[in-house]
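**Q** Residue numbers (UniProt numbering): 1 to 291. Where is the CB? At the ideal position from N, CA and C, for every residue including glycine.
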Amino acid sequence: MESLSWMAIVPGNADQTSLFSLPRVWSEIVALLQIWLCQLEQRLVISKILHRKHEEHIRKEFEHIVGELSSLRHQNVLEVIGVCYGGILTSCIHEFIKDDLSHYLRDLNIQLSYRSELLLSVCTQIAAGMSYLESRNFVHGNLSASSCLVAGDGTIKLTNFNIASELDLNDESDATLGRIRWMSWEAAIEKRMTTKGDVWSFGVTMWEILNGCGQQPYRMLTDSDVYKNLLFIQRHGTLKFCLERPEFSSANFYEEFIVQCWARDPEQRPSFHSLHRRLQNVTCVQMSEGC
1 MESLSWMAIV PGNADQTSLF SLPRVWSEIV ALLQIWLCQL EQRLVISKIL HRKHEEHIRK
61 EFEHIVGELS SLRHQNVLEV IGVCYGGILT SCIHEFIKDD LSHYLRDLNI QLSYRSELLL
121 SVCTQIAAGM SYLESRNFVH GNLSASSCLV AGDGTIKLTN FNIASELDLN DESDATLGRI
181 RWMSWEAAIE KRMTTKGDVW SFGVTMWEIL NGCGQQPYRM LTDSDVYKNL LFIQRHGTLK
241 FCLERPEFSS ANFYEEFIVQ CWARDPEQRP SFHSLHRRLQ NVTCVQMSEG C
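Written out as structure tokens, the structure is:
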């Protein structure tokens, strides 16, 4: 089994370093990043690796982003275990969680009476994590159900931050990658990645969740058609084709939470702080009605 020994800087204690070996279990390449599934002591971890052969500005930007990720501490954000600097590689290491939210909800077998309560909890947890990122001025840039993980206790963890895009490593267009279905018009057309763009993506993600992740957003449209739809709202102020009300959503919830995230003016979209607080209120009402 192939392995490497690195010097690790443990987040929260930058002075503490230790040399350890990471045996590789599995790997793939995403853009110019190597993704390794490794064995660390008695647990599996994911290591995202950038080879130092890349241009200096890319390496420095990667190290900057990894440094920011290692400072994040929230129960709904996947925690960085260590940042490794050694030899020709720089790596960000975090815990391995098998289930992503999209597959988890599609495979879930749960009584209908409990489904809406669970889906609302999922939306609230994502809003909590995104509210924390918002408070840190950290843009996720890649929010969707598949970029959230489900821990063994049911806790939702945000992950798959848009590192490759930040480093300008993608050779393919966003439309080709399919991400455009979750992107705000300003992100897709003007390449402006902001927290308000994340709010737009959260609206699409709530739509996914409240359909049990059983449908692709804009399933009747090609990626090119979705891009044209975003051009339409940029020019005319409204979407020509809007995602319909999800299966497990009331009309009021759809209008007051989901549709508001798709306002043409980014400043007219709600903040994650507001979304989280309001979702908590809905949860409290739902619980009181169930008693």
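Go ahead and label Val-285 buried or exposed: buried means 16 or more other beta carbons lie within 10 angstroms of its beta carbon, across all protein chains shown.
**A** Indexing the sequence shown from 1 puts residue 285 at position 285. It counts as exposed.
**Q** How would you call Thr-222, buried or exposed, if buried means at least 16 neighbouring beta carbons within 10 angstroms?
**A** Within the sequence shown, numbered from 1, the residue matching residue 222 stands at position 222. Burial call: exposed.
**Q** Look at the alpha carbon of Ile-209 and the alpha carbon of Leu-149, and state the distance between them as a whole number of angstroms.
**A** The sequence position of residue 209 within the sequence shown is 209, counting from 1. The sequence position of residue 149 within the sequence shown is 149, counting from 1. The alpha-carbon atoms of Ile-209 and Leu-149 are separated by roughly 13 angstroms.
**Q** In chain order, what residues of the same chain have a beta carbon less than 6 angstroms from the beta carbon of Tyr-254, not counting five sequence neighbours either side?
**A** Counting from 1 along the sequence shown, the entry for residue 254 is found at position 254. Cβ within range, chain order: Arg-245.
**Q** Measuring alpha carbon to alpha carbon, tell me which of Glu-63, Cys-123 and Glu-190 ends up nearest Ser-249.
**A** For the purposes of this step, residue 249 is identified with residue 249 of the sequence shown, where counting begins at 1. Among Glu-63, Cys-123 and Glu-190, the Cα nearest to that of Ser-249 is on Cys-123.
**Q** Measure the alpha-carbon distance for Lys-98 versus Leu-133 and round it to whole angstroms.
**A** Mapped onto the sequence shown, residue 98 falls at position 98. Mapped onto the sequence shown, residue 133 falls at position 133. Looking at the two C-alpha atoms, the distance is approximately 23 angstroms.
**Q** Less than 7 angstroms between C-beta atoms, sequence neighbours within five positions excluded: which residues of the same chain meet that for Leu-119?
**A** Position 119 of the sequence shown, counted from the start, is the residue given in the question as residue 119. Closer than 7 angstroms at Cβ, skipping near neighbours: Ile-209, Leu-210 and Phe-248.
**Q** Which residue from Arg-192, Ala-263, Ser-144 and Phe-272 puts its Cα closest to that of Gln-216?
**A** Sequence index remark: in the sequence shown, residue 216 carries index 216 (1-based). Of the candidates Arg-192, Ala-263, Ser-144 and Phe-272, the one whose C-alpha sits nearest the C-alpha of Gln-216 is Ser-144.
**Q** Determine the direct distance from the alpha carbon of Asn-160 to that of Ser-184, and round the result to whole angstroms.
**A** Mapped onto the sequence shown, residue 184 falls at position 184. Mapped onto the sequence shown, residue 160 falls at position 160. Cα to Cα, the separation comes out at about 18 angstroms.
**Q** So, do the stretch 193 to 206 and the stretch 150 to 158 have three or more beta carbon pairs nearer to each other than 8 angstroms?
**A** no
**Q** Can you list, in chain order, the stretches of the alpha helix (DSSP H) that have 4 or more residues and sit fully within the stretch 95 to 169?
**A** 101 to 107, 112 to 135 and 163 to 166
**Q** Applying the criterion that 16 or more other CB atoms from any shown protein chain within 10 Å of the CB defines a buried residue, is Cys-213 buried or exposed?
**A** In the sequence shown, counting from the first residue as 1, residue 213 sits at position 213. Cys-213 is buried by the Cβ-count criterion.
**Q** For Gln-125, is the classification buried or exposed, using 16 other Cβ atoms within 10 angstroms of its Cβ as the cut-off for buried?
**A** Your numbering for residue 125 matches position 125 in the sequence shown. By the neighbour-count rule (16 or more Cβ atoms within 10 Å), Gln-125 is buried.
**Q** Quick one: Cα of Cys-242 to Cα of Trp-207, how far?
**A** Within the sequence shown, the letter at position 242 stands for residue 242. Within the sequence shown, the letter at position 207 stands for residue 207. Taking the straight line joining both Cα atoms gives about 11 angstroms.
**Q** When the Cα atoms are used, what is the spatial distance from Phe-96 to Arg-235?
**A** For the purposes of this step, residue 96 is taken as residue 96 along the sequence shown, with counting starting at 1. For the purposes of this step, residue 235 is taken as residue 235 along the sequence shown, with counting starting at 1. Between Phe-96 and Arg-235, the C-alpha separation is close to 43 angstroms.
**Q** Report the partner residues of Gly-82 according to the DSSP bridge assignment.
**A** Locating residue 82 in the sequence shown gives position 82, counting from the first residue. Gly-82 is bridged to Ile-93.
**Q** Under a Cβ-count criterion, where at least 16 other Cβ atoms within 10 Å of its own Cβ denotes burial, should Arg-219 be classed as buried or exposed?
**A** The residue given as residue 219 occupies position 219 in the sequence shown. Its Cβ having fewer than 16 others within 10 Å, Arg-219 is exposed.
**Q** Thinking just about the alpha-carbon of each residue, which of Gln-75, Ser-121 and Leu-78 is nearest to the one in Leu-279?
**A** Indexing the sequence shown from 1 puts residue 279 at position 279. Of the candidates Gln-75, Ser-121 and Leu-78, the one whose C-alpha sits nearest the C-alpha of Leu-279 is Ser-121.
**Q** Taking the alpha-carbon positions, what's the Arg-192 to Asp-225 distance?
**A** The residue you call residue 192 lines up with position 192 of the sequence shown. The residue you call residue 225 lines up with position 225 of the sequence shown. So the alpha carbons of these two residues sit roughly 20 angstroms apart.
**Q** DSSP three-state label for Lys-48, please.
**A** If you number the sequence shown from 1, residue 48 lands on position 48. Lys-48: strand per DSSP, three-state reduction.
**Q** Counting along the chain, where does the beta strand (DSSP E) carrying Gln-39 start and finish?
**A** Locating residue 39 in the sequence shown gives position 39, where the first residue counts as 1. Where Gln-39 is concerned, the enclosing beta strand (DSSP E) stretches over 33 to 40.
**Q** Compare the C-alpha of residue 292 against each of Val-77, Gly-197, Asn-229 and Leu-275 and name the closest.
**A** One cannot answer for residue 292 here, as it falls past the ends of the chain, which runs 1 to 291.
**Q** Would you tell me roughly how many angstroms separate the C-alpha atoms of Ser-71 and Glu-190, rounded to the nearest one?
**A** Against the sequence shown, residue 71 aligns to sequence position 71. Against the sequence shown, residue 190 aligns to sequence position 190. About 29 angstroms.
**Q** Locate the alpha helix (DSSP H) running through Thr-205, then write down its first and last residues.
**A** By one-based count along the sequence shown, residue 205 stands at place 205. Residues 195 to 209.
**Q** Given this structure, state the Cα-to-Cα distance separating Asp-107 from Asp-100, to the nearest angstrom.
**A** Indexing the sequence shown from 1 puts residue 107 at position 107. Indexing the sequence shown from 1 puts residue 100 at position 100. So the alpha carbons of these two residues sit roughly 11 angstroms apart.
**Q** Below 8 angstroms on the Cβ atoms is my contact criterion, and I expect Leu-33 with Lys-48 to pass it. Report the Cβ-Cβ distance as a whole number of Å.
**A** Walking along the sequence shown from the start, residue 33 turns up at place 33. Walking along the sequence shown from the start, residue 48 turns up at place 48. Between Lys-48 and Leu-33 the Cβ distance is about 5 angstroms, and since that is below 8 angstroms, they are a contact.
**Q** What does a CB cutoff of less than 7 angstroms around Ile-180 pick up in its chain, not counting 5 residues either side in sequence?
**A** Taking the sequence shown and counting its residues from 1, one reaches residue 180 at position 180. Asp-174, Ala-188, Asp-223, Val-226 and Tyr-227, listed in sequence order.
**Q** Using DSSP with H/G/I as helix, E/B as strand and the rest coil, what is Arg-192?
**A** In the sequence shown, counting from the first residue as 1, residue 192 sits at position 192. Correct three-state label for Arg-192: coil.
**Q** Excluding the 5 residues preceding and the 5 following Ser-274 in the sequence, name in chain order all residues of the same chain whose CB lies nearer than 6 angstroms to its CB.
**A** The residue given as residue 274 occupies position 274 in the sequence shown. So the list is empty, once near-sequence residues are dropped.
**Q** Looking at Ile-58 and Ile-93, is the spacing between their C-beta atoms short of 9 angstroms?
**A** By one-based count along the sequence shown, residue 93 stands at place 93. By one-based count along the sequence shown, residue 58 stands at place 58. Against a cut-off of 9 angstroms, the Cβ pair of Ile-58 and Ile-93 comes out as no contact.
**Q** Going by the DSSP bridge assignment, what does Arg-43 pair with across the sheet?
**A** The residue you call residue 43 lines up with position 43 of the sequence shown. Note: Arg-43 sits in a beta bridge opposite Leu-40.
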